[in-house]
Amino acid sequence: MIPAMPASAAARPRQASSASSALVTFGRVAAMGTVTTLILIAGVWASWGTAQHVMLTKGRERGTVEVTRCGGGVCAGPYAPVSAGSRARDSVRIEDSVAVSEGRTYSVVVKPGSDDVVRSGPAGVLYAWVPLGGALLLASVVVAGGLRRTRVAWVMAGSGVALLTAVFLAV
């Protein structure tokens, strides 16, 4: 017959298992939290490059552009100023995307020190934040699977879908 183990010796493997389980859980939460944070920061960073020109228009040149030609990922056309201090230009460049089509006129903001313009108004603001909408969708998957926070993930995914739907309807 095998002698019985003392009660304290039998409890040690459970304590070790509990401690390693807590360490693994902490590692998972830390890693997935870091990934989620990086995805969201990347989305804001990608959006802010355009959004700053559209949202912070004080002191910037505002006007309209009539798109006359598109090619090579860029559309161009004459610029007519609307704001004081803005000057007319024979041709400005705007990114060729779903938000721009040939033959139409758009309200725009000129990027400082260049002949590049970005759409302004509600459609321009929404379109500038498209990368954040995609980041919210991607991060929601990480939050649901890696952090096991399904409610937060649903809110993030819903926010991303709402943003992308609003862009689709506005553009």
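Add 483 to the 1-based position in the sequence shown for our numbering, that's all there is to it.
Cβ coordinates follow ideal geometry from the N, Cα and C atoms, glycine included.
Computed from a predicted model, the values in this text were never measured in an experiment.
Taking the CB atoms as reference points, tell me whether Cys558 and Val565 lie closer together than 8 Å.
-> In this structure, Cys558 keeps its C-beta atom at 8 Å or more from the C-beta atom of Val565.
Burial state of Val593, where buried means 16 or more other Cβ atoms lie within 10 Å | With 16 or more other Cβ atoms within 10 Å, it is buried.
Straight-line gap, Gly655 to Val548 (C-alpha atoms, nearest Å) = In the structure displayed, the chain extends from 484 to 654; residue 655 sits before or after that span and is not available.
For Ala529, which option in Trp612, Gly641, Arg632 has the closest C-alpha, if you only look at C-alpha atoms?
-> Of Trp612, Gly641, Arg632, the residue nearest in Cα terms is Trp612.
Straight-line CA distance for Phe509 to Ala567?
-> Cα to Cα, the separation comes out at about 57 Å.
Where does Val527 land, buried or exposed, given buried means 16+ other C-beta within 10 angstroms?
-> Only exposed fits Val527, as fewer than 16 other CB atoms lie within 10 angstroms of its CB.
For the alpha helix (DSSP H) that contains Thr540, what are its first and last residues?
-> From DSSP, Thr540 is part of no alpha helix (DSSP H); its letter is neither H nor E.
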